[in-house]
Amino acid sequence: MNDELKGEVTRGARALVVYPQMRGPRSRGGADLDPDARLDEAKGLALAIGLVVADAQAIPIRAPRAGTLFGEGQIQNIGVACELNEAELVIVDGSLSAIQQRNLEEKLKRKVIDRTGLILEIFGERAATAEGRLQVELAHLDYQAGRLVRSWTHLERQRGGFGFLGGPGETQIEADRRMIRDRMAKIRRELEQVRRTRGLHRDRREKAPWPVIALVGYTNAGKSTLFNRLTGADVMAQDLLFATLDPTMRAIRLPGVEKAILSDTVGFISDLPTQLVAAFRATLEEVNAADVIVHVRDIANPDTETQKLQVLEVLADLGVLTGEGDGEAAGIPIIEVWNKWDLLGPAHAEKLREALAHRAKETIVPLSARTGLGCERLLEVLGERLTAGSQVYSFVVPVADGQRIAFLHARGEVVAEENAGEGPEGPLVRLQVRLSERELGRFAAL
């Protein structure tokens, strides 16, 4: 194989995007984007890594070939398209085995990457924190571990020993695999430490507790724009797939809740590589620890329903959902946000308003994170949900007990406050406070 095929993906390279359109639904949940939407998404992924998309086409696959995925005639057509568009890279918007990738590179005389490889390239470029870089490296090594069968001559050399222990030696490919396994084990140990540290942070939030609200959604649904709107932060928010990777947390105030923590998580996508789901599990554990999940949807996207199902699939993989479809999370309420309402035409908006009227049992908030339309309503709904089931309790607390008094002011709604005479510890104060059962239990633990 030519040496130029071994390099990394180069920014500014011209790429041909090919979507292998399989017969029947491809995703586990039976939901799949239509070919045009899938091509648009693949082009968005390529643009996110700085590639120039020379052309994009869907190719129907009746019977996948074990060695090449595509048939001989289809491979020739792809080669012709590469020549006509001067494409130096072929992106197959699907999963390729190591053998298929090697054979396609040999036949097309160009570098070939699949969907997983492309997403890993994006994640590798965007990860900003040490934790994010570790997670991406682990996913990339896991992906590469099964791809050392490529016919590069240096992998066939043997490293022989000497004397009677020498034997035939180990091949370079075995040495590379061992190095990858060792590095993966080291990264997993480091990520386990990160997971423990994150757990300690969660325990600390439980002791000085504020409710946590996790934003989830399909990539480019507008989570970071909404996060910035609600918190006044400046998290990167662009019209790019996976514009942000590393989770960010900020404090916000809600009606009836003095302080809550809003968490912006990585965006989901159809056919999210299993290596990434596993690697980012520690980060996404924040979703499991949330008091409320806000599912942000791009309601102006024609494939918004399919994107919703893809998000629910990933949440189910993480053990957040208890059932299929619109199932409630395991003990965690889900609020659905219909974002980008400002991009809807009048007829489409009216149709969705009618749909909202028939879904009164669900908590759905239409808004525009870009303009701020509906954001105040979202804050009200979040406050109502976090204080749902609250009751007014009466507490008599020593004035000197600043910790418990501060807790009641921070985690509850103080309805009334009056002097309650003297006690063994000095002056007392009587507080009438509205608390949820969860906060009542936390107060008792103090």
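Per this note's numbering, residue 1 is the first one in the sequence shown, and the count goes up by one each step. Backbone N, C-alpha and C define an ideal beta-carbon position, used for all residues, glycine too. These numbers come from a predicted model, not from an experiment.
Nearest-angstrom beta carbon gap, residue j and residue i [assumed within contact, 8 Å]
{"i": "I180", "j": "L141", "result": "5 Å"}
{"i": "L343", "j": "A289", "result": "Contact flag wrong, Cβ pair sits at about 33 Å."}
{"i": "P211", "j": "D264", "result": "The Cβ separation is near 16 Å, so there is no contact."}
{"i": "Y218", "j": "I269", "result": "7 Å"}
{"i": "W338", "j": "R297", "result": "6 Å"}
{"i": "E174", "j": "I49", "result": "Incorrect: roughly 32 Å between the Cβ atoms, too far for contact."}
{"i": "P64", "j": "Q21", "result": "Actually they do not touch by this definition, with Cβ atoms about 11 Å apart."}
{"i": "V216", "j": "H295", "result": "6 Å"}
{"i": "A46", "j": "V17", "result": "6 Å"}
{"i": "Q432", "j": "A410", "result": "Wrong, their Cβ atoms sit about 16 Å apart, outside the cutoff."}
Spatial distance of residue i from residue j (CA atoms)
{"i": "V136", "j": "F123", "result": "6 Å"}
{"i": "I113", "j": "R14", "result": "13 Å"}
{"i": "G256", "j": "T387", "result": "7 Å"}
{"i": "L69", "j": "A251", "result": "49 Å"}
{"i": "V81", "j": "A87", "result": "In the sequence on display, residue 81 carries Ala and not Val. A81 and A87: Cα-Cα distance of roughly 8 Å."}
{"i": "P424", "j": "V392", "result": "26 Å"}
{"i": "L262", "j": "K107", "result": "50 Å"}
{"i": "R434", "j": "V396", "result": "14 Å"}
{"i": "G325", "j": "L312", "result": "Here G325 scores only 41 on pLDDT, less than 50, and its place in the model is too uncertain to base an answer on."}
{"i": "Q307", "j": "R115", "result": "17 Å"}
{"i": "S95", "j": "D34", "result": "17 Å"}
{"i": "S27", "j": "G267", "result": "Confidence in S27 is poor, its pLDDT being 43 and thus under 50, which makes the residue's placement unreliable; the coordinate value appears in the next sentence. Cα-Cα distance, rounded: 18 Å."}
{"i": "L120", "j": "A127", "result": "10 Å"}
{"i": "K351", "j": "L230", "result": "27 Å"}
{"i": "A56", "j": "D40", "result": "9 Å"}
{"i": "L428", "j": "A355", "result": "54 Å"}
{"i": "R260", "j": "A54", "result": "The residue asked about is misnamed: residue 260 is Ala in this sequence, not Arg. For A260 and A54, the distance between alpha carbons rounds to 46 Å."}
{"i": "A444", "j": "E380", "result": "27 Å"}
{"i": "G29", "j": "Y143", "result": "Unreliable positioning characterises G29 in this predicted model, as indicated by a pLDDT of 42, which lies under 50. A coordinate reading is not provided."}
{"i": "I78", "j": "E72", "result": "10 Å"}
{"i": "L408", "j": "E305", "result": "42 Å"}
{"i": "K111", "j": "Q101", "result": "9 Å"}
{"i": "V287", "j": "L446", "result": "26 Å"}
{"i": "R133", "j": "L191", "result": "11 Å"}
{"i": "V320", "j": "E83", "result": "47 Å"}
{"i": "D317", "j": "D271", "result": "12 Å"}
{"i": "E384", "j": "K223", "result": "21 Å"}
{"i": "I364", "j": "R62", "result": "40 Å"}
{"i": "R23", "j": "A233", "result": "45 Å"}
{"i": "S368", "j": "I332", "result": "24 Å"}
{"i": "L200", "j": "A58", "result": "48 Å"}
Buried or exposed (CB count within 10 angstroms, at least 16 for buried), residue i
{"i": "K109", "result": "exposed"}
{"i": "S394", "result": "exposed"}
{"i": "H348", "result": "exposed"}
{"i": "H358", "result": "exposed"}
{"i": "L373", "result": "exposed"}
{"i": "Q403", "result": "exposed"}
{"i": "T10", "result": "exposed"}
{"i": "P366", "result": "buried"}
{"i": "V414", "result": "exposed"}
{"i": "D93", "result": "buried"}
{"i": "Q193", "result": "exposed"}
{"i": "N103", "result": "buried"}
{"i": "K340", "result": "buried"}
{"i": "G412", "result": "buried"}
{"i": "E422", "result": "exposed"}
{"i": "K186", "result": "exposed"}
{"i": "A406", "result": "exposed"}
{"i": "D303", "result": "buried"}
{"i": "Q450", "result": "The structure shown does not extend to residue 450, since the chain is modelled only from 1 through 446, so no value can be given for it."}
{"i": "E439", "result": "buried"}
{"i": "T225", "result": "buried"}
Beta bridge counterpart(s) of residue i as assigned by DSSP
{"i": "W338", "result": "R297, P366"}
{"i": "F227", "result": "Its beta-bridge partners do not exist; DSSP assigns none."}
{"i": "N288", "result": "Partner(s): none; N288 has no beta bridge."}
{"i": "N419", "result": "V429"}
{"i": "V397", "result": "V429"}
{"i": "A214", "result": "S263, I293"}
{"i": "I252", "result": "A260"}
{"i": "A15", "result": "V53, L89"}
{"i": "L309", "result": "Partner(s): none; L309 has no beta bridge."}
{"i": "F268", "result": "Y218"}
{"i": "V414", "result": "V433"}
{"i": "M179", "result": "DSSP output for M179 lists no bridge partner at all."}
{"i": "V392", "result": "R434"}
{"i": "Q21", "result": "P60"}
{"i": "D114", "result": "V92"}
Residue i at chain B interface by Cβ criterion, 7 Å
{"i": "E105", "result": "Looking at the structure shown, chain B is missing, and only one protein chain is on hand."}
Runs of alpha helix (DSSP H) wholly within the region 54-112 (minimum 4 residues, chain order): 72-85, 98-108
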